[in-house]
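Read through the structure below, which is laid out as structure tokens, and then see the notes.
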Amino acid sequence: MIRTFHVLLLVFVAVAGLMSLSAAAQTPDEALASIRNEAQHSIPAFRGFSADTGERFFKQTHGNELSCASCHTENPAAAGKHARTGKSIQALAPAANPERFADAAKMEKWFRRNCNDVLGRICTPQEKGDVLAYLLTIRN
């Protein structure tokens, strides 16, 4: 009886853990919707995201020698290399790397770190959304 209880408890914990993992995962479209929600609440004049603006933002430098493309390449569907460390970076475009925006916490961590490197500040919700809108247009 006690053994059966422990087995059932372990099964329950395993199933609950798997369910929480699937609930935490997000699609790139869900990531964009989350950023859109953030933008709507923080930018009174928010009108939506622009893939064209995101592409320009991704490829241009912002007051220093770095751009997003410095590490992620002009083609975000290709693997890149960190400009300072030389460390290999997986493709950024969701079409080439479906896991790239699946974890909301990782997405925020990398936006925060990379925006600080490129801009010297965190990205606004508008900037993040424009860049992700651009990345969603990239096909493998």
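Residues -25 to -1, 1 to 115 (mature numbering (1 follows the signal peptide of the UniProt record, and there is no 0)) are what the sequence shown spells out, left to right.
Just so it is clear, CB atoms sit at the ideal spot from N, CA and C, and this is done for glycine as well.
If you draw a straight line from the alpha carbon of residue i to that of residue j, how long is it in whole angstroms?
| i | j | result |
| --- | --- | --- |
| residue 100 | residue 39 | 21 Å |
| residue 89 | residue 57 | 11 Å |
| residue 128 | residue 36 | Because residue 128 is not part of the residues shown, which for the chain are -25 to 115, the question remains open. |
| residue 19 | residue 10 | 14 Å |
| residue 82 | residue 22 | 23 Å |
| residue 111 | residue 63 | 22 Å |
| residue 72 | residue 7 | 16 Å |
| residue -4 | residue 115 | With a pLDDT of only 43 at residue -4, under the threshold of 50, the placement of this residue in the model should not be trusted; the figure read from the coordinates follows. Each residue's Cα considered, the two are about 25 Å apart. |
| residue 86 | residue 34 | 16 Å |
| residue 98 | residue 61 | 24 Å |
| residue 47 | residue 84 | 16 Å |
| residue 26 | residue 93 | 19 Å |
Using the three-state DSSP reduction, which class does residue i fall into: helix, strand or coil?
| i | result |
| --- | --- |
| residue 55 | strand |
| residue -4 | Here the model assigns residue -4 a pLDDT of 43, short of 50, so the residue's position is not dependable, and the following value carries that caveat. Reduced to three states, the DSSP call for residue -4 is helix. |
| residue 64 | strand |
| residue 114 | coil |
Looking at C-alpha atoms only, which residue of the options is the closest neighbour of residue i?
| i | options | result |
| --- | --- | --- |
| residue 59 | 23, 45, 86 | 45 |
| residue 29 | 18, 12, 42, 115 | 42 |
| residue 49 | 63, 74, 67 | 67 |
| residue 5 | 34, 31, 75, 85 | 75 |
So, residue i versus residue j, is the Cβ gap smaller than 9 Å?
| i | j | result |
| --- | --- | --- |
| residue 69 | residue 3 | yes |
| residue 77 | residue -1 | yes |
| residue 24 | residue 108 | yes |
Does the beta-carbon of residue i, which I'm using as the reference point, lie nearer than 8 Å to any heavy atom of the ligand NAD?
| i | result |
| --- | --- |
| residue 56 | No copy of the ligand NAD occurs in the structure displayed, which carries no ligand at all. |
> Hey, is the stretch 12 to 21 in contact with the stretch 89 to 109, meaning 3+ C-beta pairs nearer than 8 Å?
Replying inline: yes
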